[in-house]
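**Q**
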Amino acid sequence: MAELPVAASASFPIVFFDGEQKVEIGAIAVHPILGFQKFQAIINQKIRIAPYQISTFLVRQKKAYTSPESAARSPSTSPSTSSPSPMVQNWRWKEQRTDDEGVAALIQALGQEKMPEVALKLLIDLKSKGFMPGCATLSALVLCYAKNGLFQQAKAMWSEIINSSFLPSIEVVSGLMDAYAMMGNFDEISTIVHEIAARQDFDFSYEVYSLAVFCFGKVGQLELMEEMVKEMVLRGFKVDSMTGNAFVKYYSLFGSIEEMEAAYGRMKKSRILIEKEAIRAMASAYISEGKFYKLGEFLRDVGLGRRNVGNLLWNLLLLSYAANFKMKSLQREFISMVGAGFSPDLTTFNIRALAYSRMCMFWDLHLSIEHMKHEGVIPDLVTYGCLVDAYLERRLGRNLPFALDKMNAKSAPVMLTDPLVFEALGKGDFHSSSEALLESTRQRGWTYSNLVSIYLRKQYRSNQIFWNY
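For the sequence shown, the numbering used here assigns the number 249 to the initial residue and increments by one for each residue that follows.
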């Protein structure tokens, strides 16, 4: 885009009010057509500055604004335009911390609106008025630059912070690392970690190493993640549960099965308990490779008796048998699950229902649905899909109302089954068709009976077309 001519821009002062007095602390040049509306929307957020309740941040055009100096020279000065009180005059100097936080909040808002140049201009104008930016302002400017892709400016501003006596917060470091990771500037992440570790006055060096592990892992940089963990241990930091589980999770997402299992073995040797998210990631990796036997071995190694992950381990074990249609083993492990004191949930029942539906085992399917009703488990779209697909597979569509009458087909459709089930067994035809219909229309008030009726008409038409040809 071509640069706008200077004559086309207008200057707008930045004014703080304390109830009676107003003080101009800067001015911004904003193009009246392209820029002012957007800038005014940011200003209207009414940033609060606590000590003197300077709560309203306004922008006025130069011609409609009377500065404190011109008001003091005017003989007919009203109380609202008289010279600032000593409290307001000394506000920037006595309460620099709060002032710094207020400016930082504005810079953060400008960054969210993709206006880093305006943020820099604001800071320059404030400096010309005697404002000394503190850690909050500089940190906000760093994030403003980094999140808008101005990495050279962000790097220069970060160097200014790290080489001073300022102590940026862990949130600022995390935001800066995430911005670098999204753009692939991994060397800068390592540099930040080393710079913080080199300073003795930082008390969160361990957290920074952990953040780096997460940043590298999220983008699949497993070698860099590995190096960071090794460096972390060499510096005497202990790998905690969160970092260890993240380590296993990212190897599950981006590594091979062998690398994932090696990472899990290292975590076990460190006596770190694998948590729900890492379990799901490893299970997904086994399912995607079709290694259901290894999945079962892994689940037993974790311990099926664990209560802090709910039914996840048992459900995954049932899924490993259902995916290979080992129906006797599926029933045996279900009985073991109930015998161990675990109450089957919706995902448990739907894993069994999907297996019975694919095998057209109607008796077992109906018994499973009766068991659901006895346990007070409400069926979802997957459960209805199991019935519809099984009956249509055997051309028993006329008998379908008899099966649906025992269920609350007038209720609104919901989908609460664990997505891992679909990774192993896929979605049924009724489930996929109904889901696409619900997503493509804005109509409300859908019920299961509506969806079944539409699906049956669709199948009837497709059969007619087939036989006509």
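Positions of the beta carbon are idealized from the N, C-alpha and C atoms, including for glycine.
Here the structure is a predicted model, which is why all the values come from computation and not from measurement.
CB-CB under 6 Å to Met473, same chain, minus the five flanking residues each way: which ones, in chain order?
**A** Val461, Phe464, Gly465.
**Q** With a Cβ-Cβ cutoff of 9 Å, do Val630 and Leu602 count as a contact?
**A** For Val630 and Leu602, yes; Cβs fall inside 9 Å.
**Q** Would you mind sorting Cys634 into buried or exposed? The rule is 16 or more other CB atoms within 10 Å of its CB.
**A** Cys634 comes out buried.
**Q** Would the region 348-360 count as touching the region 388-404 if we require 3 or more Cβ pairs under 8 Å?
**A** The region 348-360 is in contact with the region 388-404.
**Q** Taking its Cβ as the centre, do 16 or more other Cβ atoms sit within 10 Å of Asp653, making it buried, or is it exposed?
**A** It is exposed - the Cβ of Asp653 has fewer than 16 other Cβ atoms within 10 Å.
**Q** Please classify His679: is it buried, with 16 or more other beta-carbons within 10 angstroms of its beta-carbon, or exposed?
**A** By the neighbour-count rule (16 or more Cβ atoms within 10 Å), His679 is buried.
**Q** What separation, rounded to the nearest whole angstrom, lies between the Cα atoms of Ser682 and Lys478?
**A** Using only the alpha carbons, I get a separation of about 50 Å.
**Q** Shortest alpha-carbon distance to Met431 belongs to which of His614, Pro364, Pro381, Val467?
**A** Of the listed residues, the one whose Cα sits closest to Met431 is Val467.
**Q** Please report how far the alpha carbon of Val481 lies from the alpha carbon of Val487, in whole angstroms.
**A** C-alpha separation (whole angstroms): 7 Å.
**Q** Using only alpha-carbon positions, find the residue among Ser616, Pro627, Gly676 that is nearest to Leu640.
**A** Ranking Ser616, Pro627, Gly676 by Cα distance to Leu640 puts Gly676 first.
**Q** Mind listing, in chain order, the continuous alpha helix (DSSP H) runs of no fewer than 4 residues lying wholly within the region 600-655?
**A** You should have 610-623, 629-641, 648-652.
**Q** By DSSP, does Asp593 sit in helix, in strand, or in coil?
**A** Here Asp593 sits in coil by DSSP.
**Q** Go to Phe582, then tell me how far its alpha helix (DSSP H) extends in each direction, as first and last residue.
**A** Taken as a continuous stretch (DSSP letters only), the alpha helix (DSSP H) holding Phe582 covers 575-587.
**Q** The alpha helix (DSSP H) that contains Pro364, what's its start and end?
**A** Its alpha helix (DSSP H) spans residues 364-376.
**Q** Buried or exposed: which applies to Gln400, given that a residue is buried once 16 or more other Cβ atoms fall within 10 Å of its Cβ?
**A** So Gln400 ends up on the exposed side.
**Q** How many Å lie between Ser518 and Ser504 at the Cα?
**A** If you take the alpha carbons of Ser518 and Ser504, they lie about 21 Å apart.
**Q** Where are the alpha helix (DSSP H) runs, 4 residues long or more, that stay fully inside the region 649-710, in chain order?
**A** With a minimum length of 4 residues, the continuous alpha helix (DSSP H) runs that stay inside the region 649-710 are 668-673, 677-688.
**Q** I'd like to know if Thr439 contacts chain C, where contact means its C-beta is closer than 9 Å to some C-beta of that chain.
**A** Among the protein chains of the structure shown there is no chain C, as only one such chain exists.
**Q** What does a CB cutoff of less than 6 Å around Arg345 pick up in its chain, not counting 5 residues either side in sequence?
**A** Caution applies to Arg345, whose pLDDT of 37 falls short of 50 and renders its modelled position unreliable; the value that the coordinates give is listed next. Within the same chain, Arg345 has no close Cβ partners at all.
**Q** Where does Phe452 sit, in a helix, a strand or coil, going by DSSP?
**A** Of the three classes helix, strand and coil, the one that applies to Phe452 here is coil, per DSSP.
**Q** What separation, rounded to the nearest whole angstrom, lies between the Cα atoms of Gly544 and Arg643?
**A** Cα-Cα distance, rounded: 36 Å.
**Q** Considering just the uninterrupted stretch of the alpha helix (DSSP H) at Glu537, what are its terminal residues?
**A** Where Glu537 is concerned, there is no enclosing alpha helix (DSSP H), given that its DSSP letter is neither H nor E.
**Q** If distances are taken between C-alpha atoms only, which option among Gln691, Ser688, Leu648, Gly423 comes closest to Ser697?
**A** Comparing Cα-Cα distances from Ser697 to each of Gln691, Ser688, Leu648, Gly423, the minimum goes to Leu648.
**Q** Lys466 by DSSP, collapsed to three states: which one?
**A** Note: Lys466 maps to helix in three-state DSSP.
**Q** Could you spell out the range, first to last residue, of the alpha helix (DSSP H) harbouring Phe502?
**A** 489-502 is the extent of the alpha helix (DSSP H) around Phe502.
**Q** Would you kindly report the start and end of the unbroken alpha helix (DSSP H) that includes Phe399?
**A** Taken as a continuous stretch (DSSP letters only), the alpha helix (DSSP H) holding Phe399 covers 399-410.
**Q** Got a sec? Which residues, its chain only, sit under 6 Å from Tyr604 by beta carbon, not counting five neighbours each side?
**A** So the qualifying residues of the chain are Asp612, Leu613.
**Q** Is the Cβ-Cβ distance between Leu211 and Leu566 less than 9 Å?
**A** Absent from the model: residue 211. The displayed extent of the chain is 249 to 717, so no value can be given.
**Q** DSSP three-state call for Val481: helix, strand or coil?
**A** Val481 falls in the helix class under three-state DSSP.
**Q** Buried or exposed: which applies to Gln448, given that a residue is buried once 16 or more other Cβ atoms fall within 10 Å of its Cβ?
**A** Gln448 should be labelled exposed.
**Q** In angstroms, rounded to a whole number, what distance separates the CA positions of Cys383 and Ile409?
**A** The alpha-carbon atoms of Cys383 and Ile409 are separated by roughly 7 Å.
**Q** Mind reading off the beta-carbon distance from Leu371 to Leu389? Whole number of angstroms is fine, and I expect it under 8 Å.
**A** Their Cβ separation, rounded to whole angstroms, is 7 Å, which keeps Leu371 and Leu389 in contact under 8 Å.
**Q** Could you give the distance in angstroms between the alpha-carbon of Val550 and the alpha-carbon of Glu455?
**A** So the alpha carbons of these two residues sit roughly 28 Å apart.
**Q** On the three-state DSSP scale, how would you describe Arg548?
**A** Three-state result, Arg548: helix.
**Q** Do you know offhand how far Pro627's Cα is from Leu594's?
**A** Those two C-alpha atoms are separated by around 7 Å.
**Q** Residue range of the alpha helix (DSSP H) that Arg514 falls in?
**A** Per DSSP, Arg514 belongs to the alpha helix (DSSP H) from 505-517.
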